Structures are given as C-alpha cells and as structure tokens.
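Asks:
In this note's numbering, the protein residues as written are 56 to 279.
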C-alpha cells in the first residue's frame, strides 16, 4: 500500500479525512453487525440498524470514489492488468492503494453491498424480517437470506486475509499501514500529495449517505 521511507521521501497527505472517517466507522459498524448477527434473537434489531448504517457508509464511499480527493477516486487505483503485473514485478512506485490492495477494496465493497441489500429484503422466518422484505416475492426473500448467510462467511474470510496482510506489511515489510490510515500520510514525493477538494463535494456525499440511511430504514417513504 505504501513504499518505505528513504532520505528523499517525506510523509505526504494521501488519505483525506472523510475517507479515514469512513474506514474506521466501517470497521466499527461491521464489527457490530457481525457480533449482533451471531448473537441473534433480540439483537437482530441492532443487526439491522448496523446494516442500514453500513449501507449509508457505502453510498458515501461510492460517491467519494467518483468526486473525492485524488487517492479516494476509483479511477486512480483501479487494478488494471497492466498495474497488477507491474506491482507483481516490483515496479509499482505510486502512492495510495497498490493493485492487490485495490482488488481487496473492491472485493469488500461488493460483498458489503450484497450483504446490505440482501439484509434489507431478508426474512429468516424466525427473528428477523428486513424493512424492505415486502417489496419482493417471499420465496426470493428467503433465498436471498440464505445467500446473505453464505456471503457472511466470505466476509469473515476476507477480514482474516485483510488482518494477515496488515501484519505482513507492518512487521515484515515495515510498511505501517494502520498508521497511514490513521494519519492519512505515506512516504513519497511531495508533488504526489493529495490536494484539498471543494467543500461542496464533502457536503454532497454526506447528504447522499444520510438520504440512503433514511430510505433504508423507512421503506414507507417510497410506499412499501
């Protein structure tokens, strides 16, 4: 994800504040969703709330990936075959996500999007019915609930791989990834530093996220 520091490289701003807030909020909410989902019973109401909040965060991230700061944009780190090959051959020198890290980001976003959508329309016939379950056929709702549980296991696997990658980069490669995502800085050329973005873009992403959260939790707003 980052390159080791050298005498002619200083720590420069890469990850903006909104992206870092998204990252750590997602860590907390996914942890809460997993814990409440495994607990079941009365905790499923909180599981649903965590899922709705995760959905709002995902809308925030998707919009920020379109018009956010330089290293937050999908076009900046999209893992093309050329980029992946360059990284595997040791020729990757850019700031931001490396191509394998980018694949990891896209994979978890896809998993979480499916988890949120399937949870909103889910129905386990016991303790939980998603707020949007009435919008689709019951048989489809039950099928999506089964897939929701299956893809949760994929998410657990991704989390394990992610933690292992952090450990390898931190202790073997001496790339302090956690510190970089906390401070927003990586060692690199000052000319590659991320520039500030207009405030309206931040406001737009926050409003979209808020709207998504409200709609997810209140299907009656759209007549369901």
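Where is the CB? At the ideal position from N, CA and C, for every residue including glycine.
Model, not experiment: these values are computed from the prediction.
Can you find at least 3 beta carbon pairs, one from the segment 157-176 and one from the segment 204-215, that sit closer than 8 angstroms?
Replies: Segments in contact, yes.
Asks: For residue 260 and residue 219, what's the separation of their Cα atoms in angstroms?
Replies: Taking the first residue of the chain shown as 1, we reach residue 260 at position 205. Taking the first residue of the chain shown as 1, we reach residue 219 at position 164. Approximately 31 angstroms, taken between the alpha carbons.
Asks: Give me the DSSP bridge partner(s) of residue 178.
Replies: As a first step, residue 178 is located in the chain shown; it is residue number 123 there, counting from the start. DSSP, once it has assigned bridges, lists 184 as partnering residue 178.
Asks: Evaluate contact between the segment 118-132 and the segment 184-202, counting only Cβ atoms and requiring at least three cross-stretch pairs below 8 angstroms.
Replies: As far as the Cβ criterion goes, the segment 118-132 does not touch the segment 184-202, which means the pair count is below three.
Asks: Closest to residue 166 by CA distance: which of 102, 212, 140 and 68 is it?
Replies: Stepping through the chain shown from its first residue, residue 166 is reached at position 111. The residue with the shortest Cα to Cα distance from residue 166 is 212.
Asks: Using the Cα positions of residue 115 and residue 66, report the straight-line distance between them to the nearest angstrom.
Replies: To locate residue 115, count along the chain shown from 1; it is residue 60. To locate residue 66, count along the chain shown from 1; it is residue 11. Between residue 115 and residue 66, the C-alpha separation is close to 27 angstroms.
Asks: Which full runs of the beta strand (DSSP E) of 3+ residues lie inside the segment 88-135, going along the chain?
Replies: The segment 88-135 contains no whole beta strand (DSSP E) run of 3 or more residues.
Asks: Spatial neighbours of residue 221 within its chain, please: CB distance less than 6 angstroms, with the 5 preceding and 5 following residues excluded, ordered by chain position.
Replies: As a first step, residue 221 is located in the chain shown; it is residue number 166 there, counting from the start. Taken in chain order, the residues that qualify are 232.
Asks: Looking only at its chain, what residues have a beta carbon closer than 7 angstroms to the beta carbon of residue 240, apart from the 5 residues adjacent to it on each side?
Replies: Translated into positions along the chain shown, residue 240 becomes position 185. The answer, listed in chain order, is 66, 67, 68 and 69.
Asks: Name the one or two DSSP bridge partners that residue 231 has.
Replies: As a working mapping, residue 231 is identified with position 176 in the chain shown. In DSSP, residue 231 forms no bridge with anything.
Asks: With DSSP as the reference, identify every bridge partner of residue 240, one or two as the case may be.
Replies: Here residue 240 refers to the residue found at position 185 when the chain shown is read from its first residue. Answer by DSSP bridge pairing, in chain order: 68.
Asks: Going by CA-CA distance only, name the one from 85, 111, 151 and 137 that's closest to residue 243.
Replies: Taking the first residue of the chain shown as position 1, residue 243 is located at position 188. The residue with the shortest Cα to Cα distance from residue 243 is 151.
Asks: Would you kindly work out how many angstroms separate the C-alpha atoms of residue 107 and residue 234, rounded to a whole number?
Replies: As a working note, residue 107 is residue 52 in the chain shown. As a working note, residue 234 is residue 179 in the chain shown. Each residue's Cα considered, the two are about 28 angstroms apart.
Asks: What separation, rounded to the nearest whole angstrom, lies between the Cα atoms of residue 210 and residue 90?
Replies: On the chain shown, residue 210 is found 155 positions in, with the first residue counted as 1. On the chain shown, residue 90 is found 35 positions in, with the first residue counted as 1. Roughly 13 angstroms separates the two Cα atoms.
Asks: Which residues in the same chain have their Cβ closer than 6 angstroms to the Cβ of residue 183, if we skip the five residues on either side of it in sequence?
Replies: Sequence index remark: in the chain shown, residue 183 carries index 128 (1-based). Taken in chain order, the residues that qualify are 99.
Asks: Which residue comes first and which comes last in the alpha helix (DSSP H) that contains residue 196?
Replies: The residue you call residue 196 lines up with position 141 of the chain shown. Counting along the chain, the alpha helix (DSSP H) containing residue 196 begins and ends at 193-222.
Asks: For residue 178 and residue 160, I'd like the C-alpha separation in whole angstroms.
Replies: Numbered from 1 along the chain shown, position 123 holds the residue referred to as residue 178. Numbered from 1 along the chain shown, position 105 holds the residue referred to as residue 160. Rounded to the nearest angstrom, the two C-alpha atoms are 28 angstroms apart.
Asks: Relative to the alpha-carbon of residue 149, which residue among 158, 131, 216 and 136 has its alpha-carbon at the smallest distance?
Replies: The residue labelled residue 149 in the question sits at position 94 within the chain shown. Of the candidates 158, 131, 216 and 136, the one whose C-alpha sits nearest the C-alpha of residue 149 is 131.
Asks: Which residue from 103, 236 and 139 puts its Cα closest to that of residue 7?
Replies: The structure shown does not extend to residue 7, since the chain is modelled only from 56 through 279, so no value can be given for it.
Asks: Can you tell me where the alpha helix (DSSP H) holding residue 260 begins and where it ends?
Replies: The residue you call residue 260 lines up with position 205 of the chain shown. Residues 254-272.
Asks: So what's residue 79 in DSSP terms, helix, strand or just coil?
Replies: Taking the first residue of the chain shown as position 1, residue 79 is located at position 24. In this structure, residue 79 counts as helix in the three-state DSSP scheme.
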